[in-house]
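Per my numbering, the very first residue in the sequence shown carries number 11; after that it's consecutive. Backbone N, C-alpha and C fix where the C-beta goes; we use that ideal spot for every residue, glycine too. Keep in mind that this is a model prediction, so the values were computed, not measured.
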Amino acid sequence: MSSVNADLRYSRQALLAQLGPQGQARLRQSCVAVMGCGALGSTLATLLCRAGVGHLVLVDRDVVELSNLPRQTLYDEQDVAQAVPKAVAAQRHLAIVNSQAVLDAQVMDIAPHNVLTLLKGVDLVVDGTDNLETRYLLNDACLTTGTPWIYGGAVGTSGICCGFVPGRGPCLRCLFPELAPPGILPTCDTMGVLNTAPAIVGALQATEAMRLLVQPESWSATLVTIDLWPPSFRTFAVPRDPRCPACGLGRREFLDRQGVSEVARLCGRNAVQVTPANDLGVALSTLAQALQAQFAVELSPERLRFAVGALDVVVFADGRALVRGTTDPRVAKAIYAKYIGT
Ligand SMILES: [Zn+2]
């Protein structure tokens with residue numbers, strides 16, 4: 011794009027005292043990782059890409075499903091029909107929106123063994139994940155690399171947002187020191203979610219991201235909580251807790267959990283994810299050949315898909331599998347062991 015066109019495209023933003031041409035140049039030079047491309051991630055990736063952030067890393071472990079479409083504004087029915095990985099679908103849609111942006115799609119589960127590599131060259135992280143455990147892992151990783159990150163969450167008609175800069179103010183575990191036992195916190199699974207809640211939280215996170223990229227010196231941590239039905243909006247200054255297990259005592263419990271194979275039910279989904287203990291990955295074309303005698307196999311460079319009875323199985327190149335049509339981890343693990351490997 012010529013500089014004239016760039017000036018035209020961002021002319022309304024450059025008029026803002028908060029951004030101006032210099033702020034716009036900062037956005038263009040920045041690399042932001044969108045961790046999770048669901049509802050929050052759709053809003054985050056769209057707004058940051060359109061605002062002119064030069065480089066986005068789009069990370070997601072999942073494929074697009076019909077129940078995503080009310081909230082996940084990057085995707086369409088064709089993505090559902092083709093079970094496109096969200097990171098790839100996000101990259102395709104955003105490439106049409108802003109052809110100047112560098113868009114890097116990463117189809118993977120954010121895990122202790124890969125998160126530090128993901129953060130290489132990244133100036134800032136925005137949180138589009140759907141569970142507190144992954145957020146604690148991001149918190150550990152960002153404290154380790156010194157990367158700022160913007161936490162966000164939405165469930166029901168409410169939401170929360172807070173930015174964290176390592177060494178300057180609190181971290182996530184100053185706010186929430188320990189994981190709650192399963193079943194305590196409401197999730198989209200148990201409580202549902204209104205599509206405007208993640209849209210507003212994603213917009214707040216994207217604003218905090220731009221504020222940090224453009225005016226880091228004047229930034230300070232503000233916790234925002236919202237409810238939408240009826241509407242309320244509250245802000246709090248959050249102090250750092252010297253007894254915080256992560257930034258106070260220096261523990262990295264979530265980053266230190268390496269090499270554990272994992273079977274997890276997915277939030278809001280009739281599906282189970284099986285993650286292998288190693289990161290050797292799977293040769294999808296070889297696996298497709300082996301399965302073709304028994305199943306109709308659908309193969310793309312990023313994933314392989316086949317059906318076992320009523321169960322829909324999607325295998326990714328990193329070795330993970332999504333078994334859709336069950337919430338029973340034993341069923342998913344059995345399918346994985348039988349058809350993909352142990
Ligand atoms: Zn802390």
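Proximity to residue i [Cα-Cα], best of the options
{"i": "residue 284", "options": "340, 311, 250, 15", "result": "340"}
{"i": "residue 144", "options": "45, 215, 155, 229", "result": "45"}
{"i": "residue 225", "options": "14, 24, 29, 25", "result": "29"}
{"i": "residue 263", "options": "183, 319, 165", "result": "183"}
{"i": "residue 198", "options": "141, 236, 334", "result": "141"}
{"i": "residue 186", "options": "127, 255, 317, 247", "result": "255"}
{"i": "residue 330", "options": "274, 304, 338", "result": "274"}
{"i": "residue 82", "options": "66, 204, 243", "result": "204"}
{"i": "residue 293", "options": "261, 78, 107, 312", "result": "312"}
{"i": "residue 241", "options": "228, 178, 168, 163", "result": "168"}
{"i": "residue 148", "options": "286, 267, 217, 27", "result": "267"}
Contact belief for residue i with residue j at Cβ below 8 Å, rounded distance in angstroms
{"i": "residue 172", "j": "residue 234", "result": "7 Å"}
{"i": "residue 115", "j": "residue 101", "result": "4 Å"}
{"i": "residue 49", "j": "residue 220", "result": "20 Å between Cβ atoms; not a contact."}
{"i": "residue 349", "j": "residue 301", "result": "7 Å"}
{"i": "residue 37", "j": "residue 223", "result": "6 Å"}
{"i": "residue 138", "j": "residue 202", "result": "Not quite, the Cβ-Cβ distance comes to about 19 Å (not below 8 Å), so this is no contact."}
{"i": "residue 134", "j": "residue 157", "result": "7 Å"}
Inter-residue spacing [alpha-carbon to alpha-carbon] between residue i and residue j
{"i": "residue 53", "j": "residue 89", "result": "17 Å"}
{"i": "residue 132", "j": "residue 125", "result": "11 Å"}
{"i": "residue 282", "j": "residue 207", "result": "25 Å"}
{"i": "residue 251", "j": "residue 64", "result": "35 Å"}
{"i": "residue 153", "j": "residue 136", "result": "14 Å"}
{"i": "residue 105", "j": "residue 16", "result": "16 Å"}
{"i": "residue 150", "j": "residue 174", "result": "12 Å"}
{"i": "residue 176", "j": "residue 230", "result": "12 Å"}
{"i": "residue 170", "j": "residue 73", "result": "25 Å"}
{"i": "residue 59", "j": "residue 92", "result": "24 Å"}
{"i": "residue 257", "j": "residue 296", "result": "45 Å"}
{"i": "residue 239", "j": "residue 166", "result": "10 Å"}
{"i": "residue 325", "j": "residue 215", "result": "31 Å"}
{"i": "residue 248", "j": "residue 57", "result": "26 Å"}
{"i": "residue 97", "j": "residue 47", "result": "6 Å"}
{"i": "residue 39", "j": "residue 351", "result": "43 Å"}
{"i": "residue 319", "j": "residue 210", "result": "40 Å"}
{"i": "residue 159", "j": "residue 55", "result": "14 Å"}
{"i": "residue 41", "j": "residue 112", "result": "9 Å"}
{"i": "residue 237", "j": "residue 265", "result": "32 Å"}
{"i": "residue 305", "j": "residue 107", "result": "38 Å"}
{"i": "residue 87", "j": "residue 79", "result": "8 Å"}
{"i": "residue 21", "j": "residue 244", "result": "32 Å"}
{"i": "residue 179", "j": "residue 260", "result": "15 Å"}
{"i": "residue 218", "j": "residue 317", "result": "43 Å"}
Same chain, Cβ closer than 8 Å to residue i, five either side skipped, listed in chain order
{"i": "residue 336", "result": "280, 281, 282, 321, 342"}
{"i": "residue 298", "result": "307, 309, 314"}
{"i": "residue 189", "result": "142, 143, 146"}
{"i": "residue 66", "result": "41, 42, 43, 44, 55, 58, 59, 104, 111, 112, 113, 114"}
Chain-order list of residues whose beta-carbon lies under 7 Å from that of residue i (same chain, five-residue window excluded)
{"i": "residue 103", "result": "84"}
{"i": "residue 118", "result": "69, 71, 124, 328"}
{"i": "residue 213", "result": "53, 57"}
{"i": "residue 76", "result": "90"}
Residue i: CB within 7 Å of a non-hydrogen atom of ligand 3
{"i": "residue 122", "result": "The model depicted lacks ligand 3 and carries ligand 1 instead."}
Nonlocal neighbours in the same chain, by C-beta distance under 6 Å from residue i, ignoring five residues either side
{"i": "residue 246", "result": "233"}
{"i": "residue 334", "result": "281, 322"}
{"i": "residue 33", "result": "224"}
{"i": "residue 94", "result": "74"}
{"i": "residue 163", "result": "170"}
{"i": "residue 291", "result": "327, 328, 329"}
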